[in-house]
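Worksheet for the structure shown next.
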Amino acid sequence: MIDTKDISTMELKDLKNVLKTVKDKRMELVIKLGELVHFQLLNKTLNPDELTEISFEIASQDRLMYRYGKQITYMNAASQQCSKCLQQLVENAKFCGNCGTLNPTYVDPNTVYKSCGSCSEEIHETALFCPCCGMKQGEI
Ligand SMILES: [Zn+2]
Ligand SMILES: [Zn+2]
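By the UniProt record's numbering, the letter at position 51 of the sequence shown is numbered 51, and the numbering carries on one by one without gaps.
Right, dumping it as structure tokens:
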């Protein structure tokens, strides 16, 4: 199991490999869950507890996929070119200095972050739902 705190020090190609492993693992779990539901329905022994356990495992793979995906986007942005004219962009520029195309990975430095109560991912303070785990965020 890889500690998600270490992902910021990983190389892009390693990150992509790990992301693929997580995706495969998730697919395995989804199939396992499907088989189990099928088996339990067939035998009329539906056991929600056993199923929920696998669902939680799938959800944790989802969170990993989100984090790796985010890190990959971030690393791609570090060696950034304009998607339209391929001009090299200034770091975290909002628009391309050559053709004015919006930089899709631009991050507003004034954005306030909070931590999701469910998965503890850093999310926008104003987010209504966590983009990582889908949990509805409580009103303050
Ligand atoms: Zn451009
Ligand atoms: Zn979350």
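The beta carbon of each residue, even a glycine, is placed where N, CA and C say it ideally should be.
Treat the numbers as computed from the prediction; the structure is a model and nothing was measured.
For residue 94, the three-state DSSP class (helix, strand or coil): For the purposes of this step, residue 94 is taken as the residue at position 94 of the sequence shown. Coil at residue 94, not helix or strand.
Just checking my contact of residue 68 with residue 18 at CB under 8 Å: how many whole Å lie between their CB atoms? Translated into the one-based positions of the sequence shown, residue 68 becomes position 68. Translated into the one-based positions of the sequence shown, residue 18 becomes position 18. Sure, about 6 Å apart at Cβ, within 8 Å.
For residue 92, which residues from the same chain have a beta carbon less than 7 Å from its beta carbon, with the 5 sequence-adjacent residues on both sides left out? The count along the sequence shown starts at 1 and reaches residue 92 at position 92. In the same chain as residue 92, and ignoring 5 residues on each side of it, the C-beta atoms closer than 7 Å to its own belong to 106, 107, in chain order.
Report yes if the C-beta of residue 125 is less than 7 Å from at least one heavy atom of ligand 3; otherwise report no. Ligands displayed in this structure: ligand 1 and ligand 2; ligand 3 is not among them.
Cβ shell of residue 25 (< 7 Å), same chain only, five flanking positions each side left out: The count along the sequence shown starts at 1 and reaches residue 25 at position 25. Excluding positions up to five away in sequence, the list reads 61.
For residue 82, which of 53, 38, 95 has the nearest alpha-carbon? Looking up residue 82 in the sequence shown gives position 82. Minimum Cα distance to residue 82 is reached at 95.
Taking 7 Å as the cut-off, is the CB of residue 65 close to at least one heavy atom of ligand 2? Start at 1 with the first residue of the sequence shown, and residue 65 comes out as number 65. No, the Cβ of residue 65 stays beyond 7 Å of every heavy atom of ligand 2.
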